[in-house]
Ligand SMILES: [Mg+2]
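Residue numbers (this note's numbering), protein chains in the order written: chain A, 307 to 629; chain B, 381 to 485.
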């Protein structure tokens, strides 16, 4: 498994930034006290004094943790909690209730609505800090776990399950805002014979090297996925087919020039099939994959080591190879 | 208010904490405003407003190092919430105002 947190790994993308803590409490005293008491924690503190604003901040800042008062004028903490937990973009944010009520009923209700912890005011500072740290630690591990379930162990790229969800999401976004979108299917040429001739370790090396080349060339907003054995899929939001072709030329060039210590005389080539909004009028993921797959098939059929645009002429066809 | 003020100051347990000193000062400086708010809600018989003030003092006083003040505020909050006799509430209001008058660094 390459889940070791190396710098080019999707798992590390968000690990460097300072975690954000959102405080929602109508008492200015609590704002002042927490600002001083949490100043040595590695935290960015965002504060607001009412529930409506709190929901807005939660959506906009996507904080790593929310400290939520219950007794507030207007929208109370229970309602804020309920709304946080019923919206897709805030449901995953851990919430600690910070309340002046020590009633068992309030504690139970808060926890059952989805809070991870409950701290009574007045609070002990050391305990508050420890509970905040504990909640952040658990939430970090949950994130890691959720992301690991979406990552391919061999290559460190996103896995097939992630790809399916993401493609549907990006197609929906593209149909909503009219932004461009490209889908690429890539397949390593003659991969089976490479495995047969040089062994599976050599095959794994090639898959990992190709994954690295993809990660080096893609933007933060792109998604490189391992689609199957030696098949990869790229989701390129905001990218039309012309831009995608430029990117794929660079990738094709890099893999062609790559040195292979295990088989110095056997180079590796890749075939690509590209589909974009202009090629496929609809927004059905299955249809898009079929369209890209047809283009990939055409690239293979035309001699491999080339990029084929759905419905277009082949690009970069090199000398046809046997096989 | 009704009671003869007790002169003994109530001091913050964080008086010597350099991180907290400034905050405690602000809390003490703002105390006359809180006392006025307590007295106003009480004289208008705005019990819900009074309960809110007591509730906030209960939650915050300990944070400034004035735990006894938080305890007195809690007594007042509970007496209002449990609809105690007006005389009992008055007694807690007097105790709270008295202690508010005595907080100092
Ligand atoms: Mg409150």
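For each residue, glycine too, the CB sits at the ideal point set by N, CA and C.
(request) Would you list the one or two residues that DSSP bridges to residue 578/A? (result) 492/A and 613/A
(message) Give me, in chain order, the residues of the same chain whose beta-carbon lies closer than 7 Å to that of residue 411/B; leave out the 5 immediate sequence neighbours on both sides.
(response) 480 and 483
(request) Closer than 6 Å by C-beta to residue 400/A: which residues in its own chain qualify, once you throw out the five before and the five after it? Chain order, please. (result) 371, 422, 441 and 445
(message) By the 7 Å beta-carbon criterion, what residues does the region 453-478 of chain B contribute toward chain A?
(response) none
(message) Using DSSP's beta-bridge definition, name the partner residues of residue 464/A.
(response) 457/A and 531/A
(request) Quick one: give me the first and last residue of the alpha helix (DSSP H) that residue 543/A is part of. (result) Not the alpha helix (DSSP H): residue 543/A falls in the beta strand (DSSP E), residues 537-543.
(request) For residue 356/A, verify whether its CB is less than 7 Å away from any heavy atom of ligand 1. (result) no
(request) Could you tell me if the beta carbon of residue 331/A falls within a distance shorter than 7 Å of some heavy atom in ligand 1? (result) yes
(message) For residue 456/B and residue 448/B, what's the separation of their Cα atoms in angstroms?
(response) 13 Å
(request) Compare the C-alpha of residue 432/A against each of 344/A, 582/A and 349/A and name the closest. (result) 344/A
(request) Run the proximity test for residue 375/A: is its beta-carbon closer than 7 Å to any non-hydrogen atom belonging to ligand 1? (result) yes
(message) Quick check: what's the CA-CA separation for residue 474/A versus residue 582/A?
(response) 14 Å
(request) Measuring alpha carbon to alpha carbon, tell me which of 564/A, 367/A, 611/A and 430/A ends up nearest residue 443/B. (result) 430/A
(message) Just checking residue 334/A against ligand 1 - is the residue's beta carbon closer than 7 Å to any of the ligand's heavy atoms?
(response) no
(message) If I measure Cβ to Cβ from residue 392/B and keep anything under 7 Å in the same chain, skipping five residues before and after, which residues do I get?
(response) 404, 444, 445, 446 and 485
(request) Name the two residues that bound the continuous beta strand (DSSP E) containing residue 350/A. (result) 350-354
(request) Using a Cβ cut-off of 8 Å, pull out every chain A residue sitting near residue 440/B, in sequence order please. (result) 333, 335, 336, 339, 427 and 428
(request) List the residues of chain A whose Cβ lies closer than 7 Å to the Cβ of residue 449/B, in chain order. (result) Chain A residues near residue 449/B: none, gap ~10 Å exceeds 7 Å.
(request) Note down, in chain order, every chain B residue with its Cβ under 7 Å from the Cβ of residue 406/A. (result) 435, 438 and 439
(message) At the level of alpha carbons, what is the spacing between residue 373/A and residue 329/A?
(response) 5 Å
(request) Just the C-alpha distance for residue 432/B and residue 478/B, rounded to the nearest angstrom, thanks. (result) 18 Å
(request) Could you spell out where the alpha helix (DSSP H) holding residue 599/A opens and where it closes? (result) 591-607
(request) Report the residue ranges of all alpha helix (DSSP H) runs contained in full by the region 402-436 of chain A; include only those spanning at least 4 residues, in chain order. (result) 410-418
(request) Give a single yes or no on whether residue 378/A has its beta carbon closer than 7 Å to a heavy atom of ligand 1. (result) yes
(message) Within the continuous beta strand (DSSP E) that includes residue 372/A, where are the two ends?
(response) 371-374
(request) State the Cα-Cα distance for the pair residue 482/A and residue 544/A, rounded to the nearest angstrom. (result) 13 Å
(request) Could you name the residues of the same chain whose beta carbon sits closer than 7 Å to that of residue 396/A, not counting the 5 residues immediately before and after it, in chain order? (result) 364, 365 and 390
(request) Return yes when the Cβ of residue 604/A is within less than 8 Å of the Cβ of residue 580/A, no when it is not. (result) no
(request) Identify the continuous alpha helix (DSSP H) that holds residue 433/B and give its terminal residues. (result) 427-441
(message) Taking contact to mean 3 or more Cβ pairs, one atom from each stretch, closer than 8 Å, check whether the region 552-572 of chain A and the region 495-506 of chain A are in contact.
(response) yes
(request) Under 7 Å between beta-carbons, which chain A residues line up against residue 399/B? List them in chain order, please. (result) 342
(request) Anything in the region 349-378 of chain A with a Cβ closer than 8 Å to a Cβ of chain B? List those residues in chain order, please. (result) 377
(message) For residue 515/A, tell me which candidate among 408/A, 498/A, 384/A and 567/A has the shortest Cα-Cα distance.
(response) 567/A
(request) State the CB to CB distance for the pair residue 541/A and residue 489/A, rounded to an integer number of angstroms; the pair is presumed to be in contact (CB under 8 Å). (result) 6 Å
(message) Please list, in chain order, the chain A residues whose beta carbon lies closer than 8 Å to that of residue 403/B.
(response) 338, 339 and 342
(request) Please confirm if residue 443/B has its CB atom under 8 Å from at least one CB of chain A. (result) yes
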